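Right, one structure below, let's go through it.
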Amino acid sequence: MKLTLEDTEMFLWMKKTTLIKFTPLVLILLNLILKFSFITSNSIAGDEPFSIYHAQMSLSSILDLMKSENNPPLHFILLHFWIKLFGISALSVRFLSVIFSVLCAYVMYLIGLKFFSYRVGVVAGLLFTFSNLNLLLAHEARVYELFALLSALSMYYFLSVKEHKNRNIFYAKLLITNILLVYSHYFGFFIIFIQSISVLLFKDIRKPLLKSYLIYLLLFVCLYIPNMLILLNRFSVSSHGTWLGNPGGITGIYEMLWSFSNQPVTTVICITILAVALVKMLFTKQKTNNATNKMIILLWFSFPFFFMFFISYWMPIFLDRYLVFVSLGYYLTIALSSCIILQNKFQDIFLGIVIVLFLATFYPDKDNKRHVKETVAKVQELKGENASIIICPSFFMLNYAYYYDKSIFSEIDNGNSYAKITQRLNSESIYPINSADLIPNTKNKIVYLDAAADFSFPDNNLYNTLNQKYKLKNTFKFYEIFNVYEFEKQ
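Taking this note's numbering, the leading residue of the sequence shown gets 13, the next gets one more, and so forth.
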(Lines of atoms letter the chains of each structure in order from A and count residues from 1; the text may use other names and numbers.)
(Lines give C-alpha, C1' and ligand atoms only; values in the text may rest on other atoms or scores of the structure.)
Protein backbone atom coordinates (compact mmCIF):
# COMPACT_ATOMS: atom_id res chain seq x y z
CA MET A 1 0.00 0.00 0.00
CA LYS A 2 1.42 3.34 -1.07
CA LEU A 3 1.34 6.21 1.43
CA THR A 4 0.02 9.54 0.21
CA LEU A 5 1.57 12.88 1.15
CA GLU A 6 -1.29 13.47 3.59
CA ASP A 7 -0.66 10.06 5.21
CA THR A 8 3.03 10.87 5.63
CA GLU A 9 2.29 14.27 7.19
CA MET A 10 -0.24 12.69 9.55
CA PHE A 11 2.31 10.04 10.60
CA LEU A 12 4.96 12.68 11.27
CA TRP A 13 2.44 14.77 13.25
CA MET A 14 1.45 11.77 15.39
CA LYS A 15 5.12 10.92 15.97
CA LYS A 16 5.87 14.49 17.09
CA THR A 17 2.78 14.59 19.31
CA THR A 18 3.79 11.31 20.99
CA LEU A 19 7.30 12.62 21.61
CA ILE A 20 5.98 15.82 23.17
CA LYS A 21 3.50 13.85 25.28
CA PHE A 22 6.02 11.45 26.80
CA THR A 23 9.14 13.65 27.01
CA PRO A 24 8.11 15.32 30.31
CA LEU A 25 7.51 11.94 31.95
CA VAL A 26 10.90 10.63 30.78
CA LEU A 27 12.63 13.82 31.94
CA ILE A 28 11.00 13.69 35.37
CA LEU A 29 11.79 9.99 35.87
CA LEU A 30 15.39 10.49 34.72
CA ASN A 31 15.88 13.35 37.20
CA LEU A 32 14.24 11.42 40.00
CA ILE A 33 16.42 8.34 39.45
CA LEU A 34 19.68 10.27 39.07
CA LYS A 35 19.09 12.59 42.02
CA PHE A 36 17.64 10.01 44.39
CA SER A 37 20.22 7.27 43.76
CA PHE A 38 23.07 8.80 45.79
CA ILE A 39 21.10 11.19 47.98
CA THR A 40 22.80 10.05 51.22
CA SER A 41 26.30 9.34 49.85
CA ASN A 42 27.67 12.66 51.09
CA SER A 43 27.68 13.75 54.71
CA ILE A 44 25.23 16.32 56.00
CA ALA A 45 27.65 19.23 55.93
CA GLY A 46 28.30 22.92 55.35
CA ASP A 47 25.21 24.96 56.19
CA GLU A 48 22.83 21.99 56.05
CA PRO A 49 22.92 21.39 59.83
CA PHE A 50 22.10 25.08 60.35
CA SER A 51 18.96 24.76 58.21
CA ILE A 52 17.92 21.44 59.75
CA TYR A 53 18.55 22.56 63.34
CA HIS A 54 16.65 25.83 63.07
CA ALA A 55 13.83 24.30 61.02
CA GLN A 56 13.03 22.20 64.10
CA MET A 57 12.22 25.36 66.07
CA SER A 58 8.82 26.99 66.45
CA LEU A 59 7.62 29.15 63.56
CA SER A 60 7.88 32.31 65.68
CA SER A 61 11.53 31.49 66.49
CA ILE A 62 12.29 30.88 62.81
CA LEU A 63 10.80 34.25 61.86
CA ASP A 64 12.72 36.01 64.66
CA LEU A 65 15.97 34.35 63.56
CA MET A 66 15.52 35.42 59.94
CA LYS A 67 15.54 39.08 61.02
CA SER A 68 19.24 38.77 61.80
CA GLU A 69 20.26 36.20 59.18
CA ASN A 70 20.91 36.45 55.43
CA ASN A 71 18.12 33.98 54.71
CA PRO A 72 14.44 34.72 54.05
CA PRO A 73 12.14 32.31 55.91
CA LEU A 74 10.30 30.33 53.20
CA HIS A 75 12.62 27.33 52.96
CA PHE A 76 12.97 27.08 56.74
CA ILE A 77 9.18 27.06 57.10
CA LEU A 78 8.74 24.36 54.43
CA LEU A 79 11.52 22.28 55.99
CA HIS A 80 9.91 22.79 59.43
CA PHE A 81 6.70 21.06 58.36
CA TRP A 82 8.60 18.46 56.29
CA ILE A 83 10.63 17.47 59.37
CA LYS A 84 7.45 17.15 61.43
CA LEU A 85 6.23 14.59 58.91
CA PHE A 86 9.42 12.73 57.98
CA GLY A 87 12.12 13.45 60.60
CA ILE A 88 15.71 14.65 60.24
CA SER A 89 17.44 11.74 58.51
CA ALA A 90 19.68 12.69 55.57
CA LEU A 91 17.26 10.99 53.18
CA SER A 92 14.29 12.89 54.55
CA VAL A 93 15.67 16.42 54.71
CA ARG A 94 17.35 16.18 51.29
CA PHE A 95 14.43 14.62 49.46
CA LEU A 96 12.60 17.96 49.58
CA SER A 97 15.43 19.52 47.53
CA VAL A 98 15.31 16.59 45.12
CA ILE A 99 11.61 17.26 44.52
CA PHE A 100 12.33 20.93 43.77
CA SER A 101 15.15 19.96 41.39
CA VAL A 102 13.03 17.42 39.50
CA LEU A 103 10.25 19.97 39.04
CA CYS A 104 12.79 22.58 37.90
CA ALA A 105 13.98 20.28 35.09
CA TYR A 106 10.37 20.00 33.92
CA VAL A 107 9.83 23.78 33.98
CA MET A 108 13.07 24.30 32.02
CA TYR A 109 11.71 21.93 29.36
CA LEU A 110 8.37 23.81 29.35
CA ILE A 111 10.07 27.18 28.80
CA GLY A 112 11.94 25.81 25.80
CA LEU A 113 8.90 24.01 24.37
CA LYS A 114 6.30 26.76 24.81
CA PHE A 115 8.36 29.78 23.78
CA PHE A 116 10.97 28.38 21.39
CA SER A 117 10.90 24.79 20.16
CA TYR A 118 10.75 21.18 21.27
CA ARG A 119 14.50 20.86 20.65
CA VAL A 120 15.33 23.84 22.87
CA GLY A 121 13.14 22.42 25.63
CA VAL A 122 14.77 18.99 25.51
CA VAL A 123 18.33 20.35 25.40
CA ALA A 124 17.76 22.87 28.23
CA GLY A 125 16.04 20.25 30.39
CA LEU A 126 18.83 17.71 29.85
CA LEU A 127 21.67 20.20 30.41
CA PHE A 128 20.07 21.05 33.75
CA THR A 129 19.59 17.33 34.47
CA PHE A 130 23.28 16.59 33.80
CA SER A 131 24.58 19.60 35.74
CA ASN A 132 26.94 18.60 38.56
CA LEU A 133 26.24 21.91 40.32
CA ASN A 134 22.51 21.34 40.42
CA LEU A 135 22.99 17.71 41.41
CA LEU A 136 25.05 18.76 44.46
CA LEU A 137 22.46 21.39 45.38
CA ALA A 138 19.69 18.79 45.01
CA HIS A 139 21.60 16.78 47.62
CA GLU A 140 21.58 19.62 50.15
CA ALA A 141 18.90 20.48 52.69
CA ARG A 142 19.22 24.11 51.67
CA VAL A 143 17.19 26.67 49.75
CA TYR A 144 19.01 26.63 46.41
CA GLU A 145 16.94 24.20 44.34
CA LEU A 146 13.74 25.83 45.62
CA PHE A 147 15.28 29.14 44.51
CA ALA A 148 16.04 27.62 41.08
CA LEU A 149 12.52 26.19 40.70
CA LEU A 150 10.81 29.47 41.61
CA SER A 151 13.15 31.40 39.28
CA ALA A 152 12.24 29.11 36.38
CA LEU A 153 8.52 29.29 37.19
CA SER A 154 8.71 33.08 37.42
CA MET A 155 10.27 33.37 33.96
CA TYR A 156 7.75 30.90 32.55
CA TYR A 157 4.81 32.95 33.84
CA PHE A 158 6.41 36.23 32.74
CA LEU A 159 6.83 34.95 29.19
CA SER A 160 3.27 33.62 29.35
CA VAL A 161 1.97 37.09 30.26
CA LYS A 162 3.64 38.36 27.11
CA GLU A 163 2.31 35.58 24.88
CA HIS A 164 -1.30 35.14 26.03
CA LYS A 165 -4.29 37.41 25.53
CA ASN A 166 -5.88 36.28 28.81
CA ARG A 167 -3.12 37.83 30.92
CA ASN A 168 -4.80 38.22 34.29
CA ILE A 169 -4.46 34.54 35.23
CA PHE A 170 -0.74 34.61 34.42
CA TYR A 171 -0.24 37.90 36.25
CA ALA A 172 -1.78 36.27 39.33
CA LYS A 173 0.53 33.26 38.99
CA LEU A 174 3.52 35.55 38.42
CA LEU A 175 2.64 37.61 41.50
CA ILE A 176 2.36 34.56 43.76
CA THR A 177 5.53 33.00 42.35
CA ASN A 178 7.61 36.17 42.69
CA ILE A 179 6.48 36.74 46.29
CA LEU A 180 7.52 33.16 47.11
CA LEU A 181 10.76 33.73 45.17
CA VAL A 182 11.92 36.74 47.20
CA TYR A 183 10.81 35.09 50.44
CA SER A 184 13.07 32.15 49.53
CA HIS A 185 16.21 34.09 48.52
CA TYR A 186 16.98 37.81 48.32
CA PHE A 187 18.71 37.37 44.97
CA GLY A 188 15.25 36.60 43.57
CA PHE A 189 15.02 40.37 43.03
CA PHE A 190 17.39 39.91 40.09
CA ILE A 191 14.65 37.94 38.31
CA ILE A 192 12.10 40.69 38.98
CA PHE A 193 14.59 43.32 37.78
CA ILE A 194 15.22 41.39 34.54
CA GLN A 195 11.48 41.16 33.91
CA SER A 196 10.97 44.88 34.62
CA ILE A 197 13.87 45.90 32.38
CA SER A 198 12.48 43.68 29.61
CA VAL A 199 9.13 45.49 29.76
CA LEU A 200 10.93 48.82 29.39
CA LEU A 201 13.50 47.74 26.76
CA PHE A 202 11.46 45.80 24.24
CA LYS A 203 8.80 47.68 22.31
CA ASP A 204 6.67 44.63 21.52
CA ILE A 205 6.29 44.08 25.30
CA ARG A 206 6.23 47.70 26.46
CA LYS A 207 3.31 48.80 24.34
CA PRO A 208 0.75 46.15 25.40
CA LEU A 209 2.04 45.46 28.93
CA LEU A 210 3.43 48.62 30.52
CA LYS A 211 0.25 49.80 32.29
CA SER A 212 -0.84 46.36 33.52
CA TYR A 213 2.73 45.48 34.53
CA LEU A 214 3.02 48.63 36.66
CA ILE A 215 -0.19 47.65 38.47
CA TYR A 216 1.22 44.17 39.05
CA LEU A 217 4.50 45.68 40.32
CA LEU A 218 2.60 47.91 42.77
CA LEU A 219 0.77 44.87 44.16
CA PHE A 220 4.09 43.03 44.51
CA VAL A 221 5.66 45.91 46.47
CA CYS A 222 2.65 46.09 48.78
CA LEU A 223 2.88 42.35 49.54
CA TYR A 224 6.60 42.62 50.24
CA ILE A 225 6.40 45.61 52.59
CA PRO A 226 6.45 43.40 55.77
CA ASN A 227 9.99 42.27 54.89
CA MET A 228 11.33 45.49 53.37
CA LEU A 229 13.10 46.78 56.50
CA ILE A 230 14.72 43.38 57.09
CA LEU A 231 15.99 43.37 53.48
CA LEU A 232 17.51 46.83 53.85
CA ASN A 233 19.12 45.82 57.13
CA ARG A 234 20.66 42.66 55.62
CA PHE A 235 21.94 44.65 52.63
CA SER A 236 23.53 47.17 55.00
CA VAL A 237 25.28 44.39 56.94
CA SER A 238 26.49 42.61 53.78
CA SER A 239 27.83 45.85 52.30
CA HIS A 240 30.54 45.82 54.98
CA GLY A 241 31.95 42.64 53.47
CA THR A 242 31.24 38.91 53.25
CA TRP A 243 33.28 35.78 53.88
CA LEU A 244 34.01 35.53 50.14
CA GLY A 245 37.01 37.05 48.41
CA ASN A 246 36.98 39.06 45.17
CA PRO A 247 36.21 37.03 42.03
CA GLY A 248 39.78 37.03 40.66
CA GLY A 249 39.43 38.66 37.25
CA ILE A 250 38.66 36.78 34.05
CA THR A 251 39.77 33.55 35.74
CA GLY A 252 36.81 33.92 38.07
CA ILE A 253 34.43 34.20 35.10
CA TYR A 254 35.91 31.08 33.52
CA GLU A 255 35.74 29.12 36.77
CA MET A 256 32.10 30.06 37.30
CA LEU A 257 31.22 28.89 33.78
CA TRP A 258 33.20 25.75 34.57
CA SER A 259 30.96 25.22 37.60
CA PHE A 260 27.91 25.52 35.33
CA SER A 261 29.44 23.26 32.65
CA ASN A 262 30.91 20.38 34.73
CA GLN A 263 34.43 20.23 33.24
CA PRO A 264 36.95 22.49 31.42
CA VAL A 265 36.46 20.82 28.03
CA THR A 266 32.69 21.34 28.23
CA THR A 267 33.22 24.92 29.37
CA VAL A 268 35.43 25.79 26.39
CA ILE A 269 32.96 24.21 23.96
CA CYS A 270 30.03 26.08 25.53
CA ILE A 271 31.89 29.40 25.36
CA THR A 272 32.65 28.66 21.69
CA ILE A 273 28.96 27.89 21.02
CA LEU A 274 27.93 31.20 22.60
CA ALA A 275 30.54 33.14 20.61
CA VAL A 276 29.72 31.52 17.25
CA ALA A 277 25.98 32.03 17.75
CA LEU A 278 26.53 35.69 18.64
CA VAL A 279 28.71 36.28 15.58
CA LYS A 280 26.17 34.56 13.34
CA MET A 281 23.32 36.69 14.69
CA LEU A 282 25.34 39.91 14.30
CA PHE A 283 26.71 39.36 10.80
CA THR A 284 24.15 37.26 8.94
CA LYS A 285 21.39 39.80 9.66
CA GLN A 286 18.84 37.02 9.72
CA LYS A 287 15.48 37.72 11.28
CA THR A 288 15.08 35.13 13.98
CA ASN A 289 11.81 33.92 15.42
CA ASN A 290 11.01 34.87 19.01
CA ALA A 291 13.81 37.48 19.01
CA THR A 292 12.48 39.25 22.11
CA ASN A 293 12.14 35.98 24.04
CA LYS A 294 15.71 35.09 23.13
CA MET A 295 16.93 38.45 24.39
CA ILE A 296 15.05 37.94 27.68
CA ILE A 297 16.75 34.56 28.15
CA LEU A 298 20.13 36.12 27.34
CA LEU A 299 19.44 38.85 29.93
CA TRP A 300 18.52 36.15 32.47
CA PHE A 301 21.98 34.67 32.07
CA SER A 302 24.21 37.65 31.32
CA PHE A 303 22.96 40.56 33.43
CA PRO A 304 23.09 38.99 36.94
CA PHE A 305 26.21 37.01 36.00
CA PHE A 306 28.31 40.07 35.11
CA PHE A 307 26.65 42.40 37.62
CA MET A 308 27.41 40.01 40.50
CA PHE A 309 30.94 39.58 39.15
CA PHE A 310 31.73 43.31 39.11
CA ILE A 311 29.95 44.17 42.36
CA SER A 312 31.93 41.41 44.08
CA TYR A 313 35.00 43.67 44.06
CA TRP A 314 33.08 45.77 46.56
CA MET A 315 30.69 43.28 48.18
CA PRO A 316 31.75 39.68 47.32
CA ILE A 317 28.76 37.56 46.26
CA PHE A 318 30.15 35.71 43.21
CA LEU A 319 29.54 32.13 44.36
CA ASP A 320 28.14 29.28 42.26
CA ARG A 321 25.27 28.42 44.62
CA TYR A 322 24.25 32.09 44.77
CA LEU A 323 24.19 32.05 40.96
CA VAL A 324 22.14 28.87 40.63
CA PHE A 325 19.28 30.92 39.12
CA VAL A 326 21.76 32.25 36.53
CA SER A 327 22.75 28.70 35.57
CA LEU A 328 19.19 28.14 34.31
CA GLY A 329 19.48 31.08 31.92
CA TYR A 330 22.88 29.73 30.88
CA TYR A 331 21.50 26.29 29.92
CA LEU A 332 18.66 27.85 27.95
CA THR A 333 21.12 30.21 26.21
CA ILE A 334 23.36 27.26 25.26
CA ALA A 335 20.32 25.39 23.91
CA LEU A 336 19.18 28.40 21.86
CA SER A 337 22.72 29.12 20.61
CA SER A 338 23.18 25.50 19.53
CA CYS A 339 19.97 25.68 17.48
CA ILE A 340 21.06 28.99 15.89
CA ILE A 341 24.46 27.68 14.78
CA LEU A 342 23.09 24.78 12.74
CA GLN A 343 19.65 24.94 11.12
CA ASN A 344 19.98 22.06 8.70
CA LYS A 345 19.75 18.25 8.77
CA PHE A 346 22.82 18.07 11.03
CA GLN A 347 21.20 20.12 13.80
CA ASP A 348 19.99 17.10 15.79
CA ILE A 349 23.44 15.50 15.63
CA PHE A 350 25.03 18.71 16.91
CA LEU A 351 22.48 19.04 19.74
CA GLY A 352 23.07 15.39 20.63
CA ILE A 353 26.83 16.04 20.90
CA VAL A 354 26.22 18.94 23.31
CA ILE A 355 24.00 16.76 25.50
CA VAL A 356 26.48 13.86 25.42
CA LEU A 357 29.29 16.20 26.51
CA PHE A 358 27.32 17.13 29.64
CA LEU A 359 26.36 13.50 30.23
CA ALA A 360 29.98 12.33 29.89
CA THR A 361 31.15 14.88 32.49
CA PHE A 362 28.25 14.27 34.89
CA TYR A 363 28.84 12.38 38.14
CA PRO A 364 25.65 11.23 39.93
CA ASP A 365 27.74 10.42 43.02
CA LYS A 366 29.53 13.78 43.11
CA ASP A 367 31.61 14.36 46.25
CA ASN A 368 30.67 17.45 48.28
CA LYS A 369 34.23 17.50 49.73
CA ARG A 370 32.94 17.61 53.30
CA HIS A 371 33.47 14.22 54.97
CA VAL A 372 31.85 15.11 58.28
CA LYS A 373 30.53 11.65 59.11
CA GLU A 374 33.97 10.03 58.78
CA THR A 375 35.60 12.89 60.71
CA VAL A 376 33.20 12.61 63.65
CA ALA A 377 33.64 8.82 63.72
CA LYS A 378 37.44 9.22 63.95
CA VAL A 379 37.15 11.80 66.74
CA GLN A 380 34.89 9.50 68.74
CA GLU A 381 37.26 6.61 68.18
CA LEU A 382 40.17 8.68 69.53
CA LYS A 383 38.16 10.07 72.44
CA GLY A 384 37.47 6.76 74.10
CA GLU A 385 36.45 7.27 77.71
CA ASN A 386 39.15 9.61 79.02
CA ALA A 387 39.64 12.40 76.48
CA SER A 388 38.13 15.83 75.96
CA ILE A 389 37.17 17.10 72.52
CA ILE A 390 37.72 20.66 71.35
CA ILE A 391 35.89 21.87 68.23
CA CYS A 392 36.68 25.07 66.35
CA PRO A 393 34.85 26.96 64.97
CA SER A 394 32.13 26.64 67.58
CA PHE A 395 29.30 26.68 65.04
CA PHE A 396 30.63 23.37 63.71
CA MET A 397 29.03 21.79 66.78
CA LEU A 398 25.82 21.46 64.73
CA ASN A 399 27.64 19.33 62.13
CA TYR A 400 29.30 17.35 64.92
CA ALA A 401 26.15 16.80 66.98
CA TYR A 402 24.17 15.60 63.95
CA TYR A 403 26.45 12.56 63.58
CA TYR A 404 27.43 12.22 67.23
CA ASP A 405 23.96 12.05 68.78
CA LYS A 406 20.76 13.21 67.06
CA SER A 407 19.01 13.55 70.41
CA ILE A 408 21.56 16.26 71.28
CA PHE A 409 21.12 17.82 67.83
CA SER A 410 17.41 18.09 68.55
CA GLU A 411 17.94 19.98 71.85
CA ILE A 412 16.04 23.04 70.68
CA ASP A 413 16.05 26.22 72.73
CA ASN A 414 13.71 28.73 71.12
CA GLY A 415 15.07 31.55 73.27
CA ASN A 416 18.84 31.02 73.15
CA SER A 417 19.54 29.08 69.98
CA TYR A 418 22.55 27.04 71.11
CA ALA A 419 22.37 27.05 74.92
CA LYS A 420 20.93 23.55 75.38
CA ILE A 421 23.00 21.86 72.70
CA THR A 422 26.20 23.45 74.07
CA GLN A 423 25.32 22.37 77.60
CA ARG A 424 24.68 18.79 76.48
CA LEU A 425 27.96 18.62 74.58
CA ASN A 426 29.93 20.10 77.49
CA SER A 427 28.44 17.49 79.80
CA GLU A 428 30.07 14.86 77.59
CA SER A 429 33.46 16.65 77.51
CA ILE A 430 32.93 18.18 74.07
CA TYR A 431 33.78 21.89 73.92
CA PRO A 432 32.93 24.08 70.90
CA ILE A 433 35.17 27.18 71.23
CA ASN A 434 36.74 29.88 69.05
CA SER A 435 39.77 30.95 71.06
CA ALA A 436 42.67 29.44 73.00
CA ASP A 437 41.55 31.52 76.00
CA LEU A 438 38.52 29.26 76.29
CA ILE A 439 40.38 25.94 76.47
CA PRO A 440 38.86 24.21 79.52
CA ASN A 441 40.72 22.41 82.29
CA THR A 442 40.80 19.05 80.63
CA LYS A 443 41.82 15.47 81.17
CA ASN A 444 45.08 13.83 80.15
CA LYS A 445 44.11 13.61 76.50
CA ILE A 446 42.69 16.16 74.07
CA VAL A 447 41.31 15.57 70.58
CA TYR A 448 41.15 18.81 68.61
CA LEU A 449 38.86 18.98 65.58
CA ASP A 450 39.92 21.85 63.32
CA ALA A 451 37.16 22.54 60.77
CA ALA A 452 38.97 25.33 58.88
CA ALA A 453 39.33 27.23 62.16
CA ASP A 454 41.90 29.70 60.79
CA PHE A 455 39.50 30.79 58.04
CA SER A 456 36.64 31.66 60.40
CA PHE A 457 38.77 32.75 63.38
CA PRO A 458 42.30 33.55 62.18
CA ASP A 459 43.46 34.54 65.68
CA ASN A 460 42.13 31.48 67.50
CA ASN A 461 45.69 30.26 68.40
CA LEU A 462 44.27 26.88 69.45
CA TYR A 463 46.74 24.63 67.67
CA ASN A 464 49.80 26.55 68.87
CA THR A 465 48.59 26.66 72.47
CA LEU A 466 47.78 22.96 72.55
CA ASN A 467 51.08 22.13 70.87
CA GLN A 468 52.95 24.02 73.62
CA LYS A 469 51.10 22.47 76.54
CA TYR A 470 50.67 18.94 75.20
CA LYS A 471 52.48 16.39 73.09
CA LEU A 472 51.12 15.89 69.57
CA LYS A 473 50.64 12.16 69.09
CA ASN A 474 48.74 11.86 65.78
CA THR A 475 47.31 13.98 62.98
CA PHE A 476 44.50 12.93 60.68
CA LYS A 477 43.28 14.87 57.62
CA PHE A 478 39.84 14.42 56.09
CA TYR A 479 39.16 15.81 52.64
CA GLU A 480 38.80 18.72 52.14
CA ILE A 481 39.11 20.98 55.21
CA PHE A 482 39.04 18.85 58.38
CA ASN A 483 42.09 18.16 60.54
CA VAL A 484 41.99 16.06 63.70
CA TYR A 485 44.86 16.31 66.21
CA GLU A 486 45.42 13.88 69.06
CA PHE A 487 47.27 15.47 71.99
CA GLU A 488 48.53 13.91 75.24
CA LYS A 489 49.97 15.60 78.33
CA GLN A 490 53.75 15.99 78.35
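Built from N, CA and C at the ideal position, the CB exists for glycine as well. A quick note: this is a predicted structure, and the numbers were derived from the prediction, not measured.
- Distances from the CA of lysine 126 to each of Leu344, Ala184, Leu256 were compared; the closest alpha carbon is that of Leu344.
- Membership of asparagine 180 in the alpha helix (DSSP H) is indicated by the continuous run 180–194.
- In the three-state DSSP reduction, aspartate 332 falls in the coil class, being neither helix nor strand.
- Contact check for valine 110 and isoleucine 51: beta-carbon distance about 6 Å, within the 8 Å limit, so the pair qualifies.
- For phenylalanine 205, the enclosing alpha helix (DSSP H) begins and ends at 200–213.
- Isoleucine 285 is not a Cβ neighbour of isoleucine 367, given a cutoff of 8 Å.
- Boundaries of the beta strand (DSSP E) around proline 444: 442–444.
- For isoleucine 402, the enclosing beta strand (DSSP E) begins and ends at 399–404.
- Remark: fewer than three beta-carbon pairs, one from each stretch, lie closer than 8 Å, so the segment 146–156 and the segment 176–193 are not flagged as touching.
- When rounded, the separation of the alpha-carbon atoms in leucine 39 and serine 143 is 14 Å.
- Note that the C-beta distance between phenylalanine 337 and phenylalanine 199 is below 8 Å.
- Here glutamate 60 is buried: its Cβ has 16 or more other Cβ atoms, across all protein chains shown, within 10 Å.
- Distance from the CA of tyrosine 195 to the CA of leucine 91, rounded to the nearest whole angstrom, comes to 14 Å.
- Under the rule that a run must span 4 or more residues, the alpha helix (DSSP H) segments found entirely inside the segment 336–413 read 336–353, 359–372, 384–395.
- Relative to the Cα of leucine 331, the nearest Cα in the group Gly364, Ala347, Trp270, Thr296 belongs to Trp270.
- Isoleucine 206 is positioned such that its CB atom lies no closer than 8 Å to that of threonine 304.
- When the alpha-carbon of leucine 147 is set against those of Lys357, Asn274, Val280, Glu386, the nearest one is in Asn274.
- Isoleucine 56 has its alpha-carbon roughly 20 Å from the corresponding atom of isoleucine 442.
- Between the alpha carbons of asparagine 356 and phenylalanine 362 lies a gap of roughly 10 Å.
- Distance check between tyrosine 497 and each of Tyr415, Thr387, Val114 places Thr387 closest, using alpha-carbon atoms only.
- Assignment of beta strand (DSSP E) within the segment 446–495, counting only whole runs of 3 or more residues, yields 457–463, 482–490 in chain order.
- According to the DSSP assignment, proline 276 belongs to the alpha helix (DSSP H) that extends over 276–296.
- In terms of Cβ geometry, glycine 124 and alanine 289 do not form a close pair [threshold 8 Å].
- In the same chain as phenylalanine 494, and ignoring 5 residues on each side of it, the C-beta atoms closer than 6 Å to its own belong to Thr387, Ala463, in chain order.
- The three-state secondary structure of glutamate 500, taken from DSSP, is strand.
- In summary, tyrosine 325 is exposed, with fewer than 16 beta-carbon neighbours lying within 10 Å of its beta-carbon over all protein chains present.
- Here leucine 340 is actually not in contact with phenylalanine 202; their C-beta atoms are around 12 Å apart, not less than 8 Å.
- Under the three-state reduction of DSSP, tyrosine 430 is assigned to coil, being neither helix nor strand.
- Across the set Leu222, His176, Ser224, Ile323, the C-alpha of Ile323 shows the shortest separation from the C-alpha of glycine 260.
- A check of alpha carbon separations from isoleucine 308 across Tyr168, Ile242, Thr30 identifies Tyr168 as the nearest.
- In the displayed model, histidine 176 falls within coil according to three-state DSSP, outside both helix and strand.
- Inclusion of glutamate 393 and lysine 457 in the CB contact set at 8 Å is not warranted, their separation being larger than that value.
- In the displayed model, isoleucine 323 falls within a helix according to three-state DSSP.
- Asn258 is the residue among Ala287, Phe272, Asn258 whose C-alpha sits nearest the C-alpha of phenylalanine 321.
- Secondary structure note for glycine 261: its alpha helix (DSSP H) is the uninterrupted segment 261–273.
- Counting along the chain, serine 53 sits inside no alpha helix (DSSP H), nor does DSSP assign it H or E at all.
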